[in-house]
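J.: Sequences listed follow chains A and B, in order.
The working numbering runs 15 ahead of the 1-based position in the first sequence.
The working numbering runs 90 ahead of the 1-based position in the second sequence.
For every residue, glycine included, the Cβ atom is placed at its ideal position computed from N, Cα and C.
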Amino acid sequence: MPQDHFLAMFLYALLTAGFFALLWRSGRRERWRYFFFVLLTMLVGAIAAGWVMYPFPAHP
Amino acid sequence: MSRSEAPARPAGGNLFVALLLAWLFPGLGHAYLGKRGAALLYAVIVTAAFLLGLGYHGKLYVHEPDHPLTVLATFACYGAGLLNIASRLLIENTGGNILSPTFEYGCAFILTAGMMNLLLMLDAYDIFTGTKG
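#1: Excluding five sequence neighbours on each side, which residues of the same chain lie with their C-beta closer than 7 Å to the C-beta of B:Ala-170?
#2: I want to verify the contact list: residues of chain B whose CB lies under 7 Å from the CB of A:Thr-31, in sequence order.
#3: With respect to the alpha helix (DSSP H) encompassing B:Tyr-122, which residues constitute its N-terminal and C-terminal limits?
#4: So, are the CB atoms of B:Ile-200 and B:Gly-148 less than 8 Å apart?
#5: For B:Leu-159 and B:Leu-212, I'd like the C-alpha separation in whole angstroms.
#6: Starting from the C-beta of B:Tyr-132, find all residues in its chain whose C-beta is less than 7 Å away, skip the five residues before and the five after it, and write them out in chain order.
#7: Which whole runs of the beta strand (DSSP E) in the stretch 149-184 of chain B are 3 residues long or more, in chain order?
#8: Once the 5 residues before and after B:Asp-216 are set aside, which same chain residues still bring their CB inside 6 Å of it?
#9: Report buried or exposed for B:Asn-104, applying the criterion of at least 16 other Cβ atoms within 10 angstroms of its Cβ.
#10: For A:Ala-28 and A:Phe-52, I'd like the C-alpha separation in whole angstroms.
#11: Please report whether the beta-carbon of B:Gly-148 lies at a distance below 8 Å from any beta-carbon of chain A.
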């Protein structure tokens, strides 16, 4: 398995976004909109959280 | 949605069978209730998440008395039904590999797959009772 962290994060976001779009929305258009919303929110949110934590030392 | 607008309950079927099938394998409960397209997608998504978890060296939790929260993780693992049981029978090292850089990702994938399958059981219940179409 590739050990790339971003790939793992992307796959996780992809699967959960697909799952919840299917579960919580009805109609093709609504589902795609929600899928992309969740996918982008998870990816951008994770990267933003990483930037926010960047100044803090990993091993204080 | 008011109760009068609730979708009609699917004809035939048994609630217990629907819930049991939903737990046994992702999407099977939906297939039983006639939602075959959604069932196939759910099966692909949840199975992929579970197998990725194993591939990323995630852990199939068991209850450890010294760590009470492992009860919740064990519950989530067993939520994945036959995927979890078959994996425990077929894989030698069910504890994953904590030294792997992707161990935490693996655990997250496995636990999420189990929780997704539990949500599918609730969804099958809603479909059966007519709460959801």
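T.: For this structure:
#1: Phe-140, Ala-203, Gly-204, Asn-207
#2: Thr-202
#3: 118-122
#4: yes
#5: Near 23 Å, if we compare the C-alpha coordinates of B:Leu-212 and B:Leu-159.
#6: Pro-116, Gly-117, His-120, Leu-210
#7: List check, beta strand (DSSP E) in window: nothing returned.
#8: Lys-222, listed in sequence order.
#9: exposed
#10: For A:Ala-28 and A:Phe-52, the distance between alpha carbons rounds to 11 Å.
#11: no
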